[in-house]
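Numbered per UniProt numbering, the sequence shown finishes at 218, counting up by one with no gaps.
Ideal Cβ positions, reconstructed from N, Cα and C, are used throughout, including at glycine.
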Amino acid sequence: MRVRTSDALRKELEDDIEHGRLSPGDKLDEQTLAERFEVSRTPAREALLQLAAAGIVRLVPRQGAVVSSVSPQLAIGMVEVLTALEAEAAGLAARRMSSTEKAELAKLHLASQAAVKRLDSPAYIKNNAAFHAAIYQGSRNEFLAEQIRSTRLRMRFYHRSSLYQPARLKASFQEHARVMEAIKSGDDALAQHLMREHILFGGRVFADLIANLTSRKP
């Protein structure tokens with residue numbers, strides 16, 4: 001695969017992390033990336049520096065880059081930030097989404113119902129991402145959307161894991177329904193409140209998962 005620029009290479013690596021092809025602790029080195037993407041080591045190095053600046057990878061002396069993991073303390077902080085950002089996006093979407101966009105949001109939510117009934121976590125995770133992405137787009141605030149995407153990317157591995165829990169998967173679907181109705185009705189305050197609750201509920205599961213994974217380490 002030929003990727004010419006460091007920005008394009010960075011986006012490819014972000015996609016690998018988002019879709020679980022790279023997990024926390026996985027190593028990334030310039031030479032391997034250069035060979036994979038058919039570029040020199042310079043854009044590979046620049047892409048890793050960009051990811052490191054965003055906290056998505058860590059640069060380890062004499063070892064290269066490692067996909068960042070999340071401590072319980074950092075997890076709590078990230079959930080608090082994500083809660084505020086997502087709530088703001090939902091409120092803005094309630095005010096700014098067109099009727100066509102609101103109808104599309106309802107379709108995205110309905111499309112996830114089959115995955116919930118089958119307890120098909122991989123399918124629901126894709127639906128979940130599309131649902132939230134539609135809200136970010138509907139907020140008409142690209143800077144806000146970028147901050148949310150960056151934060152979610154750092155949490156992605158653990159967040160995906162929480163949606164493999166049947167109870168959390170079902171609860172997430174129900175919470176989406178309430179958020180969707182608030183946005184459709186144009187009630188920005190209610191949309192903010194419900195999205196805040198949605199992220200906080202998921203955040204509790206997320207923080208517990210981080211704590212459990214950390215406690216198992218030797």
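inquiry  = Using the Cβ count rule (16 or more neighbours within 10 Å means buried), how would you classify arginine 41?
reply    = On the sequence shown, position 41 is the one that residue 41 refers to. It counts as exposed.
ask   = Where in the UniProt domain "HTH gntR-type" (3 to 70) do unbroken runs of the alpha helix (DSSP H), each at least 4 residues long, occur, reported from the N-terminal end onward?
value = 6 to 18, 30 to 37 and 41 to 53
key: Neighbourhood of glutamate 104 by C-beta, 8 Å cutoff - its chain only, sequence neighbours within 5 removed   = Here residue 104 refers to the residue found at position 104 of the sequence shown. Once the five neighbours on either side are set aside, the close Cβ partners of glutamate 104 are Ala134.
query = The alpha helix (DSSP H) spanning glutamine 137 covers which residue range?
reply = Along the sequence shown, read from residue 1 onward, the residue named residue 137 stands at position 137. Its alpha helix (DSSP H) spans residues 121 to 138.
ask   = Helix or strand or just coil, what does DSSP make of glutamine 165?
value = The count along the sequence shown starts at 1 and reaches residue 165 at position 165. Here glutamine 165 sits in coil by DSSP.
key: aspartate 29 versus Ala47, Leu200 and Ser69, residue with shortest Cα-Cα distance   = As a first step, residue 29 must be located in the sequence shown, where it is residue number 29. Comparing alpha-carbon positions, the option among Ala47, Leu200 and Ser69 lying closest to aspartate 29 turns out to be Ala47.
message = Using 7 Å as the threshold, is the C-beta distance between arginine 168 and serine 162 below it?
response = The sequence position of residue 168 within the sequence shown is 168, counting from 1. The sequence position of residue 162 within the sequence shown is 162, counting from 1. It is a contact, given that the beta carbons lie within the stated cut-off.
request  = Taking all protein chains shown into account, decide if glutamate 88 is buried (16 or more other Cβ within 10 angstroms of its Cβ) or exposed.
outcome  = Taking the sequence shown and counting its residues from 1, one reaches residue 88 at position 88. Buried, because 16 or more other Cβ atoms sit within 10 Å of the Cβ of glutamate 88.
task = Rounded to whole angstroms, what's the CA-CA distance from alanine 145 to alanine 93? Just pull it up for me.
result = Position 145 of the sequence shown, counted from the first residue, corresponds to residue 145. Position 93 of the sequence shown, counted from the first residue, corresponds to residue 93. The alpha-carbon atoms of alanine 145 and alanine 93 are separated by roughly 11 Å.
ask   = What do you get for proline 122, buried or exposed, if any count of 16 or more other CB atoms within 10 angstroms of its CB means buried?
value = Reading the sequence shown from its first residue, position 122 is the one you call residue 122. Classification of proline 122: exposed, given that the 10 Å Cβ count is below 16.
Whole-angstrom distance between proline 72 and isoleucine 17, CA atom to CA atom = The count along the sequence shown starts at 1 and reaches residue 17 at position 17. The count along the sequence shown starts at 1 and reaches residue 72 at position 72. Cα-Cα distance, rounded: 20 Å.
request  = Give a yes or no on whether the C-beta atoms belonging to arginine 196 and threonine 83 are separated by under 7 Å.
outcome  = Taking the first residue of the sequence shown as position 1, residue 196 is located at position 196. Taking the first residue of the sequence shown as position 1, residue 83 is located at position 83. A contact, by the Cβ cut-off of 7 Å.
inquiry  = What would DSSP say about serine 98, mapped onto helix, strand or coil?
reply    = Reading the sequence shown from its first residue, position 98 is the one you call residue 98. Three-state result, serine 98: coil.
ask   = Quick one: what does DSSP say serine 112 is sitting in, helix, strand or coil?
value = Against the sequence shown, residue 112 aligns to sequence position 112. Reduced to three states, the DSSP call for serine 112 is coil.
ask   = Got a sec? Which residues, its chain only, sit under 6 Å from glutamine 31 by beta carbon, not counting five neighbours each side?
value = In the sequence shown, counting from the first residue as 1, residue 31 sits at position 31. Excluding sequence neighbours, glutamine 31 sits near nothing in its chain.
query = So what does DSSP say about aspartate 188, is it helix, strand or coil?
reply = Here residue 188 is taken as the residue at index 188 of the sequence shown, counted from 1. Three-state result, aspartate 188: helix.
message = If distances are taken between C-alpha atoms only, which option among Lys102, Arg154 and Glu80 comes closest to alanine 53?
response = On the sequence shown, residue 53 is found 53 positions in, with the first residue counted as 1. Of the candidates Lys102, Arg154 and Glu80, the one whose C-alpha sits nearest the C-alpha of alanine 53 is Arg154.
ask   = Residues in its own chain within less than 6 Å of glutamate 101 by CB, not counting five upstream and five downstream?
value = In the sequence shown, the residue the question calls residue 101 occupies position 101. Short of 6 Å from the beta carbon of glutamate 101, and not among the five residues preceding or following it, lie these beta carbons of its own chain, in chain order: Gly138.
key: Pairwise C-alpha distance: glycine 77 and glycine 64   = As a position in the sequence shown, residue 64 is number 64, starting the count at 1. As a position in the sequence shown, residue 77 is number 77, starting the count at 1. If I take the Cα positions, the gap works out to 27 Å.
request  = Look at the alpha carbon of glutamate 12 and the alpha carbon of proline 166, and state the distance between them as a whole number of angstroms.
outcome  = Along the sequence shown, read from residue 1 onward, the residue named residue 12 stands at position 12. Along the sequence shown, read from residue 1 onward, the residue named residue 166 stands at position 166. Their backbone Cα atoms lie some 30 Å apart in a straight line.
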